[in-house]
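Residue numbers (the UniProt record's numbering): 1 to 159.
Even glycine gets a Cβ: it sits at the ideal position worked out from N, Cα and C.
The block underneath contains the structure these notes are about, expressed in structure tokens.
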Amino acid sequence: MAIPVCSLIVNEQQRIAADGAYHVVRFPFGGGESYDAEGMHQVQQPDGYEVTNWRTDDRSGLIWPSVDGWGVITVMIQWEAGNYSELRDQVVRDPLGLTDNPVDTTATDHRRPSPGMQAFTKHHELFVHPDVPLAIRVSHNDSQSRDLVHAQFKLAIHT
């Protein structure tokens, strides 16, 4: 039995505002180490919306599960150095309010910075559905905007 998989990666800096709010991590379409044989991360989204610029459109951060099932999520996040006392990340179902149950968060972590590089991984499992997109959101409490320098977002669905 094949397991549907979507694996996204971005190695381009993404500016995250110092506004205390969570921000969707955006990913390019295709190329690099990304893998999406099941069509879960596409420019033309299942609800008909088309992403024209992945760098500015939060829709480029969405994975739309291809089937109902048990989703296994793996995330890698790396921040630039900064004056943080806390770095935050979370998995969120429908982060943009596209369903009747918007911004359903889970796996929220608030972390102190590490003494070295600010690189974090997370693993979470949850039920997923094709009509409910998933995303990773991040935040920080530095007094100025900071760059996310690397991110990975992976979903494997067991049916």
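Item to check | Entirely enclosed beta strand (DSSP E) segments - the segment 99-133, minimum 3 residues | outcome: 104-111, 118-128
Next on the checklist: Taking the beta carbon of H123 as the centre, do at least 16 other beta carbons fall within 10 Å, making it buried, or is it exposed?
Outcome noted: One-based indexing of the sequence shown puts residue 123 at position 123. Result: exposed.
Checklist entry - Comparing alpha-carbon positions, which option in N83, F27, G20 lies nearest N11? => result Residue numbering aside, residue 11 sits at position 11 when the sequence shown is read from its first letter. Among N83, F27, G20, the Cα nearest to that of N11 is on F27.
Checklist entry - So, I157 versus I3, is the Cβ gap smaller than 8 Å? => result As a first step, residue 157 is located in the sequence shown; it is residue number 157 there, counting from the start. As a first step, residue 3 is located in the sequence shown; it is residue number 3 there, counting from the start. Going by C-beta atoms, I157 is nearer than 8 Å to I3.
Next on the checklist: On a Cα-Cα basis, can you pick out the residue from D94, S139, N141 that is closest to P133?
Outcome noted: Translated into the one-based positions of the sequence shown, residue 133 becomes position 133. When only C-alpha atoms are compared, the closest one is D94.
Checklist entry - What residues are listed by DSSP as bridge partners for Y35? => result As a position in the sequence shown, residue 35 is number 35, starting the count at 1. Note: Y35 sits in a beta bridge opposite S7.
Item to check | 6 Å CB neighbourhood of D68 in its chain, flanking five on each side removed | outcome: Walking along the sequence shown from the start, residue 68 turns up at place 68. So the list reads H129, once near-sequence residues are dropped.
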